[in-house]
Amino acid sequence: VNPARSADGHFYHYLNVTNGSRDWVDGYTTIGTALLVAGAQFASNHFADNTEIAELAEYLTTTTDFNAAIDPALNGRIYLLMNENGGGVSGRTTQPWNEFMLVESLALREPNNAPALAVKDKWLDTTMLPKRNGTLTDNSGSYAPAFWVHQQHFFNGDFRHSAEFEALFDRHQVVDKQYSAAILNEAVRYGITAGLVPDLDSPNPAIQSEYHADEIGNHPGKVFSPEAVAAWGDMDTFLHFYNNRFYPASDPRYRYGLLRESALYPSWVPPDIGLVDHMFLLFGLVESIDPDFFADRVFPGLSAGDFDGDGDVDGRDFLVWQRGGSPSAFSASDLALWQANYGAPPLTAATIAVPEPATGGILFGLAAGLLGFRRRGR
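Residue numbering for the sequence shown follows my numbering, starting at 384 and increasing by one per position.
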C-alpha cells in the first residue's frame with residue numbers, strides 16, 4: 384500500500400486500507416493525519432523497546448508538516464483539508480475549540496513551529512476558549528459532541544496533563560447526564576456524541592440512517608451512545624446499556640459490541656458500527672482497569688516556561704522571550720516563569736497532579752479506521 388499524501392505530508396481522506404486507493408472524492412485530511420501520527424507515537428511509547436515501531440512513528444511525525452495546516456491569518460483556525468501540492472484548501476477551516484486541537488498540539492512540537500506558537504493560546508488557554516454551561520465548544524451558542532473532549536483525553540498530552548482541561552472533561556459528562564435526566568426523562572441512560580442516527584427526512588427513519596455529530600439539544604431520533612458513556616468510565620451505566628439492549632447478543636448487528644440506540648425509534652439499529660467512534664468504548668474499558676494507561680503513553684504536555692513548545696525548558700525558550708514570543712510578550716512574569724522552570728522535564732502523569740480519569744482505552748487496530756475519521760464539515 385502506498386497511500387496518497389499531500390506535499391506537506393497529509394494523508395488522503397477515506398483511503399482503502401487494503402490497496403491505498405481513494406474510495407471517496409474528498410481531500411487530504413488534517414485531523415485524520417493527526418490521529419494517525421498521535422496513534423503511532425502512542426504505539427512507540429507503549430512498545431518502548433521496539434526500534435522498528437519507533438522508527439516508523441518518527442518517520443510519520445517528521446514527514447508531516449502540521450504547521451502548514453494552521454491558517455496563515457493566525458486567527459486560530461485550522462484547515463480541514465489540504466491541497467495535493469501543499470497548503471490548505473481555501474475556505475475549509477475550523478475554529479477553536481474542537482477535536483482539531485490535536486493538530487495544533489502536534490504542530491507545536493515541530494522544529495519550525497512559529498505559526499503554532501502564534502495561535503497556541505487560542506487552543507490551550509482555558510480562559511480564552513468558548514464554553515457553554517462549563518463545557519468546551521467551538522461556539523458558545525451550542526454544545527460540542529462528546530467525542531471532542533474524549534479524543535483530547537485519550538490522544539493529547541496538552542489536554543491530558545492539564546488539570547484545567549480534565550476538569551472540563553468531567554464537566555461535560557455531568558452536563559450530559561443532567562440534560563438527559565431533566566429534558567429527556569432518562570435517569571440512567573445518556574451519552575451524546577457522534578455517529579449514525581435515524582434519518583428523519585426519510586420515509587422510514589426507523590430503518591434508514593445518516594451520520595450526525597450529536598450534541599446536547601441536537602441529536603436526531605434521541606440517540607444515546609454507550610461508547611460515550613464508556614469513554615467517561617461510567618461502567619454502571621455502560622452495563623445498564625448492555626443489560627437492556629433491544630436485540631440479543633446473538634444478533635449479527637452486535638458482533639462488534641454495543642450500538643447506539645434511539646429512544647424515539649426503539650427498533651432502529653444502525654447498520655454501521657462506526658468503528659472510529661466505537662474506539663472510545665474500547666478505550667474506556669481499558670482505562671477503567673488501568674487509569675493511567677493513556678496518560679503514561681500520550682506525548683508529554685508542555686511545561687510552564689516552554690515557550691518554543693519543544694517539550695523542555697531551556698535556553699531556546701529564553702531566546703523566544705527575548706524576541707517577544709512568549710504568551711505575554713517581554714513581560715517580567717513570563718521571564719520569571721522561565722527561570723522557575725529552567726531545566727524542567729516535560730509534563731507527564733508522574734509530574735503533574737491530574738484529576739483521576741474517569742475512563743480509558745487501547746489504541747491498536749487504529750490505523751485502519753483513522754483515515755476515514757468522520758468530521759463535521761464547516
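All C-beta atoms, glycine included, are put in the ideal place defined by N, C-alpha and C.
Can the beta-carbon of residue i be found less than 8 Å from the beta-carbon of residue j?
i, j, result
"PRO581", "GLY604", "yes"
"LEU485", "ASN450", "no"
"PHE530", "GLU482", "yes"
"THR518", "LEU463", "no"
"LEU579", "TYR562", "no"
"ALA596", "PRO528", "yes"
"GLY694", "ASN724", "no"
"GLY692", "ASN496", "yes"
"GLN535", "TRP615", "no"
"THR447", "VAL420", "yes"
"PRO498", "LEU439", "no"
"GLY410", "HIS429", "no"
"PHE537", "PHE666", "yes"
"VAL502", "GLY459", "yes"
"ALA570", "ALA564", "yes"
"GLY469", "SER389", "yes"
"ILE461", "GLU493", "no"
Using CA atoms only, rank isn't needed, just tell me which of the options is closest to residue i.
i, options, result
"ARG643", "GLY707, ASP655, LEU491", "ASP655"
"GLY726", "VAL384, TYR442, LEU489, PHE701", "PHE701"
"LEU664", "ASP693, TYR625, ALA589, ALA421", "TYR625"
"GLY684", "ALA712, LEU491, ALA440", "LEU491"
"GLU547", "THR509, PRO528, ASN495, GLN561", "THR509"
"GLU441", "ILE453, PRO455, PHE425, ALA452", "PHE425"
"PRO588", "ASN522, SER645, ALA497, GLY616", "SER645"
"THR476", "ASN468, SER488, GLY470, ASP454", "ASP454"
"ALA431", "ARG699, PHE682, GLY471", "PHE682"
"ASP391", "GLU435, VAL408, THR445", "THR445"
"VAL532", "ALA565, GLU549, ASN433", "GLU549"
"TRP704", "THR520, THR416, MET465, LEU500", "LEU500"
"PHE552", "GLY600, HIS602, ARG572, VAL612", "VAL612"
"GLY415", "TYR526, ILE672, LEU489, ASN522", "LEU489"
"PRO631", "SER427, GLU493, SER714, VAL652", "VAL652"
"ILE672", "MET618, ILE566, ALA719, ASP521", "MET618"
Quick check on residue i: does DSSP put it in helix, strand or coil?
i, result
"ASN601", "strand"
"ASN402", "coil"
"PRO609", "helix"
"HIS393", "coil"
"GLY381", "Because the chain here runs from 384 to 761, residue 381 falls outside it and cannot be looked at."
"ARG680", "coil"
"VAL384", "coil"
"GLU739", "Confidence is the limiting factor: at GLU739 the pLDDT is only 38, short of 50, which leaves the residue's position unreliable, though a coordinate-based value still follows. GLU739 falls in the coil class under three-state DSSP."
"THR476", "strand"
"VAL580", "strand"
"MET511", "coil"
"TYR625", "helix"
"THR520", "coil"
"TYR573", "coil"
"LEU685", "coil"
"ILE566", "coil"
"TYR526", "coil"
"TYR725", "coil"
"LEU647", "coil"
"GLY540", "helix"
"GLY471", "strand"
"LEU464", "strand"
"ALA733", "For ALA733, the pLDDT reaches just 41, beneath the cut-off of 50, and the residue's location in the model is therefore unreliable, although a value from the coordinates is still provided. Coil."
Rounded to the nearest angstrom, how far is the Cβ of residue i from that of residue j, given a contact under 8 Å?
i, j, result
"GLY640", "SER608", "The Cβ separation is near 12 Å, so there is no contact."
"TRP721", "PHE690", "7 Å"
"LEU398", "ALA423", "Actually they do not touch by this definition, with Cβ atoms about 16 Å apart."
"LEU507", "ASP541", "6 Å"
"PRO479", "LYS505", "5 Å"
"GLU610", "HIS661", "5 Å"
Where does the unbroken alpha helix (DSSP H) through residue i begin, and where does it stop?
i, result
"PRO498", "497 to 507"
"SER488", "484 to 491"
"LEU419", "413 to 429"
"GLU435", "434 to 445"
"LEU642", "Run containing LEU642: none; DSSP gives neither H nor E here."
"LEU636", "Position check: residue 636 holds Arg in this sequence, whereas Leu was assumed. From DSSP, ARG636 is part of no alpha helix (DSSP H); its letter is neither H nor E."
Could you pull the start and end residues of the beta strand (DSSP E) that residue i belongs to?
i, result
"ALA596", "592 to 596"
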